[in-house]
Amino acid sequence: GNSVTQMEGPVTLSEEAFLTINCTYTATGYPSLFWYVQYPGEGLQLLLKATKADDKGSNKGFEATYRKETTSFHLEKGSVQVSDSAVYFCALSDYGGSQGNLIFGKGTKLSVKP
Amino acid sequence: NAGVTQTPKFQVLKTGQSMTLQCAQDMNHNSMYWYRQDPGMGLRLIYYSASEGTTDKGEVPNGYNVSRLNKREFSLRLESAAPSQTSVYFCASRPGTSGNNEQFFGPGTRLTVL
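From first to last, the protein sequence lines are chains A and B.
So in the working numbering, spot 98 of the first sequence is number 79, and the numbers just go up one at a time.
The working numbering runs 208 ahead of the 1-based position in the second sequence.
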């Protein structure tokens, strides 16, 4: 079945450091890929998405490229801020699956220190 | 627009008690979802409703029932709460139109079963 694997956390970085959170997936067909962010005490918010191979999603300085050949969608940011501290979830949606349901990775907690 | 709203925000139950978690969205979305979030497990789908009048089981439906009351509202009921149902519950909605699989999340309900 479809699945998402993302790197385990927690990840602790200093402000202005480079961030990479790895995400790989297993899916049949051509899924859409998403990164969601969850700030403390809140629900999930869509951070960025990509709907086909080689698409790059970007938002708030974060980027991720849909790599079909490596089945990956790694999240990157060049210079993190304290306000980026949150839990990040990689997810996929399979058009051929059940009504466009999302399958989530287990989440990666990021802490950014001043 | 309030987006997706959930009530209550917090709830403590004793084993065997029942309760209903309420969810409403004002975005005229067709599809609605209930997830639970547990540490280290990511989000797991409990039930979903692809459109008004339909509901289907997700990955972890045991111990829960749902009602799609109308297009706006999707409730989750625990008939006889168990400590294993201690979790944070998120409701989400999706437009349901072809090509748009982004889901919008509510702020969550934190449930403790003693």
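Where a beta carbon is used, it is the ideal one built from N, C-alpha and C, also for glycine.
Between the C-alpha atoms of residue i and residue j, what's the straight-line distance to the nearest angstrom?
i	j	result
B:S292	B:V321	8 Å
B:G261	B:N278	8 Å
A:A45	A:K30	8 Å
A:E(-11)	B:W242	25 Å
A:G77	A:N(-17)	Low confidence applies to A:G77: its pLDDT is 49, below 50, so where it sits in the model is not reliable, and the reading given next is rough at best. Each residue's alpha carbon lies about 11 Å from the other.
A:L56	A:C4	8 Å
B:V296	A:T(-14)	21 Å
B:S282	B:R318	It should be pointed out that residue 282 of chain B corresponds to Phe in this sequence rather than to Ser. Taking the straight line joining both Cα atoms gives about 17 Å.
Using the beta-carbon count (16 or more within 10 Å), is residue i buried or exposed?
i	result
A:S79	Residue confidence for A:S79 is low, a pLDDT of 49 falling below 50, so the modelled location carries little weight and cannot support an answer.
A:Y11	exposed
A:D65	buried
B:A210	exposed
B:G248	exposed
A:G24	buried
A:K94	exposed
A:G88	buried
A:T51	exposed
Per DSSP, residue i is paired with what?
i	result
A:I84	A:L73
A:K30	A:F15
B:L284	B:L229 and B:V274
A:E44	A:S39 and A:E57
A:A67	A:L91
So the candidates are the options; which of them puts its Cα closest to the Cα of residue i?
i	options	result
A:G42	A:E50, A:L28, A:T52 and A:D36	A:L28
B:R302	B:M240, B:L221 and B:A210	B:M240
B:Q225	B:R318, B:R285 and B:C299	B:R285
A:E(-3)	A:Y69, A:L83, A:K87 and A:K58	A:K58
Go to residue i, then tell me how far its beta strand (DSSP E) extends in each direction, as first and last residue.
i	result
B:N209	That residue, B:N209, is in no beta strand (DSSP E); it is neither H nor E in DSSP.
B:S295	S295 to R302
A:S(-16)	S(-16) to Q(-13)
B:S257	G250 to S257
A:V(-8)	V(-8) to S(-5)
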